[in-house]
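In full-length UniProt numbering, the protein residues as written are 1 to 154.
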């Protein structure tokens, strides 16, 4: 699996292909998708984690069905920028997924993404706690993916 610096990723991907954004949580995987022009990220789906192979099969179905050429995986860095066990787990997930289906990968700093999304869902949309639980992870995935897309346009 090629792991790219985000700025090198577009050159490695065929044009007019979507990217998926992933927010890898302990119990769920938030999934977002870009449009084929890679301008807009949209929340797509929430995968409730079971076994890695079953989770990977769901992701591979999504990748194949949407002609996805890359994954942007949120990397939960510590506040000082170092990588802890959760970041290492995200890197291991990417390596294990590569064994099942080759895909280009870039990691995006996701520090405080869930907090920002939670604040938005409360302040702007006034969602209840139960409703927020249903949308926060896939919305965080869209936040991560949109941040990467915006960074490439800057």
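Where is the CB? At the ideal position from N, CA and C, for every residue including glycine.
Only a predicted model underlies this, so the values are computations on that prediction, with no experimental measurement involved.
Asked                                                                                                    : Found
Where residue 163 sits in the DSSP three-state scheme                                                    : Coverage of the chain is limited to positions 1 through 154, which leaves residue 163 absent and any answer about it impossible.
Where the beta strand (DSSP E) through residue 47 begins and ends                                        : 41 to 48
Segment contact, 8 Å Cβ cut-off, at least three pairs: the segment 58 to 65 with the segment 5 to 13     : no
Bridge partners - residue 162, DSSP secondary structure assignment                                       : With the chain covering only 1 through 154, there is no way to say anything about residue 162.
Among 55, 154, 66, 42, the one whose alpha carbon lies nearest that of residue 28                        : 55
Secondary structure of residue 55, DSSP reduced to three states                                          : helix
Coil, strand or helix - residue 23 by DSSP                                                               : strand
Inter-residue spacing [alpha-carbon to alpha-carbon] between residue 77 and residue 15                   : 30 Å
Own chain, CB closer than 8 Å to residue 89, minus 5 neighbours either side, in chain order              : 24
DSSP-derived helix/strand/coil call for residue 82                                                       : coil
Residue 11, enclosing alpha helix (DSSP H) - first and last residue                                      : 9 to 12
CB contact flag (residue 20, residue 71, <7 Å)                                                           : yes
Residue 17 (DSSP reduced to helix, strand or coil)                                                       : coil
Counted within 10 angstroms of its Cβ, other Cβ atoms place residue 57 as buried (16 or more) or exposed : exposed
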